[in-house]
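Residue numbers (the numbering used here): 1 to 286. Beta carbons are placed, not taken as given, at the ideal position from N, Cα and C, and that holds for glycine. Step one of this worksheet: look at the structure below.
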Amino acid sequence: MNGITGGKNSMDRIDYIGKSCIQHGKDNNRIYLLKYREEDGNGLLPRLDEMACENGYGKIIAKVPASAQPLFLQNGYQPEAYIPGFFDGVEGMFFMAKYMDTARMTIPTEALSVLAGLLSWPNGNGVSKANKLSTGIMNPEQTGEMAALYRQVFKTYPFPITDAAYLKQTMDEGTVIYYGVWDGERLIGLSSAELDRDAGNAEMTDFAVLPEYRGQNLAGLLLETMEEDMAKLSFKTLYTIARLNNPGMNKTFIKQGYHYSGLLKNNTNISGQIESMTVFYKNLML
Numbered sequence: 001m002n003g004i005t006g007g008k009n010s011m012d013r014i015d016y017i018g019k020s021c022i023q024h025g026k027d028n029n030r031i032y033l034l035k036y037r038e039e040d041g042n043g044l045l046p047r048l049d050e051m052a053c054e055n056g057y058g059k060i061i062a063k064v065p066a067s068a069q070p071l072f073l074q075n076g077y078q079p080e081a082y083i084p085g086f087f088d089g090v091e092g093m094f095f096m097a098k099y100m101d102t103a104r105m106t107i108p109t110e111a112l113s114v115l116a117g118l119l120s121w122p123n124g125n126g127v128s129k130a131n132k133l134s135t136g137i138m139n140p141e142q143t144g145e146m147a148a149l150y151r152q153v154f155k156t157y158p159f160p161i162t163d164a165a166y167l168k169q170t171m172d173e174g175t176v177i178y179y180g181v182w183d184g185e186r187l188i189g190l191s192s193a194e195l196d197r198d199a200g201n202a203e204m205t206d207f208a209v210l211p212e213y214r215g216q217n218l219a220g221l222l223l224e225t226m227e228e229d230m231a232k233l234s235f236k237t238l239y240t241i242a243r244l245n246n247p248g249m250n251k252t253f254i255k256q257g258y259h260y261s262g263l264l265k266n267n268t269n270i271s272g273q274i275e276s277m278t279v280f281y282k283n284l285m286l
């Protein structure tokens, strides 16, 4: 994904510092360290600081193995979420955050109330499947239809899923499996599993359902289908980063037995504004 920009709805791009992969740009007003490489170590963090200052980014968010957490703590980062068994079912992963703009750390009281309400929900009740609908894996010939659906659902998105070329590229690279749900011949919902095959984990993400079909547990139907496939492929840990402002999506994961892991404060530009994101995970092999 080196050098991919966000197309029409995102100006953030993917780059590398050494062997570590980052996403950065004004759209999310942040740097996101997607993949940390230990050999980049001490030289990486000062470069992230420099880049954030040069571009006026308000936040750096980093996905790092638990063994690297002390280095990030020493450099002014704080933990926002933790997923056990993230790396091959053995080592955990921290989301570590550093705020260049301290105002970005503030969470409105009403948002905290939403979070408290979500965490009171019972875990692991499952979802009731919608009737007369089918699910399946998308193919490259369907990327135009997929991009059109994503454009209907999201005004903005942190990755260029509204671009058919991007969808096809990720399919061709084998880094993402996209899933669809149909009402007859009509595509009405999408989701994806973003795969880290080396680390044995997958992100359950990119859920989108047409407005007129919401309230039918279609996200839950997609999630169950994805989980079955991930188990067959021997992935050990599944996780998601969900919008706090979308309680229904959070409840879908809670019902499916995912565990709350933390809150990424004012983290992601989605549907036209910077939002806080919840993190949930499920260990399949434990």
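In chain order, which beta strand (DSSP E) runs of at least 3 residues are fully inside the segment 194-280? 201-209, 237-243 and 259-270
Bridge-paired residues (DSSP) for K59: On the sequence shown, position 59 is the one that residue 59 refers to. Looking at the DSSP assignment, K59 forms a beta bridge with R30 and Y99.
Quick one: grab the DSSP three-state call for D12. Numbered from 1 along the sequence shown, position 12 holds the residue referred to as residue 12. Coil at D12, not helix or strand.
Span of the beta strand (DSSP E) holding Q23? As a working mapping, residue 23 is identified with position 23 in the sequence shown. That run of the beta strand (DSSP E) goes S20 to G25.
May I have the straight-line CA-CA distance separating G124 from E228, to the nearest angstrom? Translated into the one-based positions of the sequence shown, residue 124 becomes position 124. Translated into the one-based positions of the sequence shown, residue 228 becomes position 228. Taking the straight line from one Cα to the other gives about 16 Å.
Alpha carbon to alpha carbon, what distance is there between E141 and E185? For the purposes of this step, residue 185 is identified with residue 185 of the sequence shown, where counting begins at 1. For the purposes of this step, residue 141 is identified with residue 141 of the sequence shown, where counting begins at 1. Going from the Cα of E185 to the Cα of E141 covers about 15 Å.
In three-state terms, what does DSSP make of A168? Mapped onto the sequence shown, residue 168 falls at position 168. The sequence shown places Lys at residue 168, rather than the Ala named in the question. Looking at K168 - three-state DSSP - the assignment turns out to be helix.
Counting along the chain, where does the beta strand (DSSP E) carrying G85 start and finish? In the sequence shown, counting from the first residue as 1, residue 85 sits at position 85. Q78 to F87 is the extent of the beta strand (DSSP E) around G85.
By alpha-carbon positions, which one of N55, G56, K26 and A68 ends up nearest to L44? Walking along the sequence shown from the start, residue 44 turns up at place 44. Comparing Cα positions, the closest option is A68.
Alpha carbon to alpha carbon, how far is S191 from G136? Locating residue 191 in the sequence shown gives position 191, where the first residue counts as 1. Locating residue 136 in the sequence shown gives position 136, where the first residue counts as 1. In a straight line, the C-alpha of S191 is about 10 Å away from that of G136.
If you draw a straight line from the alpha carbon of Y57 to that of F253, how long is it in whole angstroms? As a position in the sequence shown, residue 57 is number 57, starting the count at 1. As a position in the sequence shown, residue 253 is number 253, starting the count at 1. Their Cα atoms are separated by approximately 31 Å.
For K265, which option in T205, D183 and M277 has the closest C-alpha, if you only look at C-alpha atoms? Here residue 265 corresponds to residue number 265 of the sequence shown, with the count starting at 1. When each option's Cα is compared against that of K265, the closest is M277.
Helix, strand or coil at P65 according to DSSP, with G and I counted as helix: Along the sequence shown, one-based indexing puts residue 65 at 65. In this structure, P65 counts as strand in the three-state DSSP scheme.
If we count the other Cβ atoms within 10 Å of its Cβ and call it buried at 16 or more, is F280 buried or exposed? Within the sequence shown, numbered from 1, the residue matching residue 280 stands at position 280. Buried, by the Cβ-count rule.
Nearest to I61 (by Cα), restricted to the options R30, Y36 and E38: Mapped onto the sequence shown, residue 61 falls at position 61. The candidate whose alpha carbon is nearest that of I61 is R30.
Check the C-beta distance from Y178 over to L167 and give it rounded, since I have them as a contact under 8 Å. Taking the first residue of the sequence shown as 1, we reach residue 178 at position 178. Taking the first residue of the sequence shown as 1, we reach residue 167 at position 167. About 7 Å separates the two Cβ atoms, so the contact holds.
Short check: CB of M105 to CB of V64, under 8 Å? Taking the sequence shown and counting its residues from 1, one reaches residue 105 at position 105. Taking the sequence shown and counting its residues from 1, one reaches residue 64 at position 64. For M105 and V64, no; Cβs fall outside 8 Å.
Can you list, in chain order, the residues of its chain whose CB lies under 7 Å from that of M226, leaving out five sequence neighbours each side? Here residue 226 is taken as the residue at index 226 of the sequence shown, counted from 1. So the qualifying residues of the chain are Y179, S191, A193 and M204.
Please say whether A208 and F360 have beta carbons closer to each other than 8 Å? Outside the displayed range of the chain (1 to 286) lies residue 360, so it cannot be described from this structure.
Do K98 and G117 have their beta-carbon atoms positioned less than 8 Å apart in this structure? As a working note, residue 117 is residue 117 in the sequence shown. As a working note, residue 98 is residue 98 in the sequence shown. In this structure, K98 does not lie closer than 8 Å to G117 by Cβ.
In this structure, how does DSSP classify S134 when only helix, strand and coil are distinguished? On the sequence shown, residue 134 is found 134 positions in, with the first residue counted as 1. Strand.
Within the same chain, show all residues whose beta-carbon is closer than 7 Å to that of L222, passing over the 5 residues directly before and after it, in chain order. Locating residue 222 in the sequence shown gives position 222, where the first residue counts as 1. If we look at L222 and ignore the five residues flanking it on each side, its Cβ neighbours are T135, Y179, V181, G189, S191 and F207.
Report all residues from its chain with a CB closer than 8 Å to the CB of G272; omit the five preceding and five following residues, and keep chain order. Sequence index remark: in the sequence shown, residue 272 carries index 272 (1-based). Same-chain partners within the cutoff: K155 and T156.
Can you tell me the Cα-Cα spacing of V114 and K251, whole angstroms? The residue labelled residue 114 in the question sits at position 114 within the sequence shown. The residue labelled residue 251 in the question sits at position 251 within the sequence shown. Cα to Cα, the separation comes out at about 12 Å.
Of the residues I17, Q152 and I83, which one's Cα is nearest the Cα of T237? Here residue 237 is taken as the residue at index 237 of the sequence shown, counted from 1. Residue I83 is the option with its Cα nearest to T237.
Tell me which residue opens and which closes the alpha helix (DSSP H) that V114 is part of. The residue labelled residue 114 in the question sits at position 114 within the sequence shown. Segment T109 to L119, the alpha helix (DSSP H) holding V114.
Could you give the distance in angstroms between the alpha-carbon of L195 and the alpha-carbon of Q74? As a first step, residue 195 must be located in the sequence shown, where it is residue number 195. As a first step, residue 74 must be located in the sequence shown, where it is residue number 74. Cα to Cα, the separation comes out at about 30 Å.
Looking at the C-beta of N75, does it have a partner C-beta in chain C at a distance below 8 Å? Looking at the structure shown, chain C is missing, and only one protein chain is on hand.
Three-way DSSP call (helix, strand, coil) for D49 in this model: Here residue 49 corresponds to residue number 49 of the sequence shown, with the count starting at 1. Helix, per DSSP.
DSSP state of R186, grouped into three classes? Position 186 of the sequence shown, counting from 1, holds the residue named residue 186. Here R186 sits in strand by DSSP.
Got a sec? Which residues, its chain only, sit under 8 Å from S234 by beta carbon, not counting five neighbours each side? Against the sequence shown, residue 234 aligns to sequence position 234. G200, listed in sequence order.
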